[in-house]
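Going by numbering that gives the first Met the number 0, 14 is the number at position 15 of the sequence shown; the sequence numbering is gapless.
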Amino acid sequence: MRTRPASLRFRRQHPIGPYVLDFYCPSAKLAIEIDGMAHDMGHNPARDGMRDGWLAQQGVETLRIPARQVMADFDAVVRQILQRCAISPPPASPVPLPICNRED
Numbered sequence: 000m001r002t003r004p005a006s007l008r009f010r011r012q013h014p015i016g017p018y019v020l021d022f023y024c025p026s027a028k029l030a031i032e033i034d035g036m037a038h039d040m041g042h043n044p045a046r047d048g049m050r051d052g053w054l055a056q057q058g059v060e061t062l063r064i065p066a067r068q069v070m071a072d073f074d075a076v077v078r079q080i081l082q083r084c085a086i087s088p089p090p091a092s093p094v095p096l097p098i099c100n101r102e103d
C-alpha cells in the first residue's frame, strides 16, 4: 500500500474519534481492519460491531479482512481493497442527448 496503488493514499494506524484504524483511505472513506483470531473470541465481535457502527455514522465504511487471508493471498487482498476504493463512474444517461447543429 506504500506504493499508492491506483494513486490512492492509505494511512496506517489512523486515529478517528476514540479508535485507531489499521489502515484508512481518506478519498474512499474506507477503514481497513486486518483481524486476527482474537477478533472472533469473547466480546470482541460485539465490540467490533459497535466500532463499525460508530464509523458508519461518521460516513466511514469498514472492510474487515482476516489476517490468514492476507498471509495466503496478499495480491487478492490488495485487489479487493482497490475495488472497494474505486470511485464509481456516474451512471450513463438512459436517453442519448441531442446533438446541436447550429448554423451561423
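Heads up, the beta-carbon is just placed ideally off N, CA and C, and yes, glycines get one too.
This one's a predicted model, so the numbers in the text were calculated from it and none came from an experiment.
Classify residue i as buried or exposed, calling it buried when 16 or more other Cβ atoms lie within 10 Å of its own Cβ.
| i | result |
| --- | --- |
| Ala85 | exposed |
| Arg83 | exposed |
Can the beta-carbon of residue i be found less than 7 Å from the beta-carbon of residue j?
| i | j | result |
| --- | --- | --- |
| Ile33 | Ala5 | no |
| Asp21 | Ile31 | yes |
| Lys28 | Gly58 | yes |
Which residues in the same chain have their Cβ closer than 6 Å to the Cβ of residue i, if we skip the five residues on either side of it in sequence?
| i | result |
| --- | --- |
| Ala91 | With a pLDDT of 44 at Ala91, under the threshold of 50, the predicted position of this residue should be treated as unreliable, though the coordinate-derived value follows. Cβ within range, chain order: n/a, list empty. |
| Tyr23 | Arg10, His13 and Ala30 |
What residue from the options has the CA that sits closest to residue i's CA?
| i | options | result |
| --- | --- | --- |
| Met49 | Gln68, Pro17, His13 and Ile64 | Pro17 |
Considering only residues of the same chain and omitting the five flanking positions on each side of residue i, which have a CB-CB separation below 7 Å?
| i | result |
| --- | --- |
| Gln68 | Val76 |
Ignore the nearest five residues each way along the sequence and tell me which others in residue i's own chain have a CB closer than 8 Å to its CB.
| i | result |
| --- | --- |
| Val19 | Gln12 and His13 |
### Query
Fully enclosed by the stretch 51–82, which alpha helix (DSSP H) runs are 4 residues long or longer?
For the stretch 51–82, the full-length alpha helix (DSSP H) segments reaching 4 residues or more read 66–71 along the chain.
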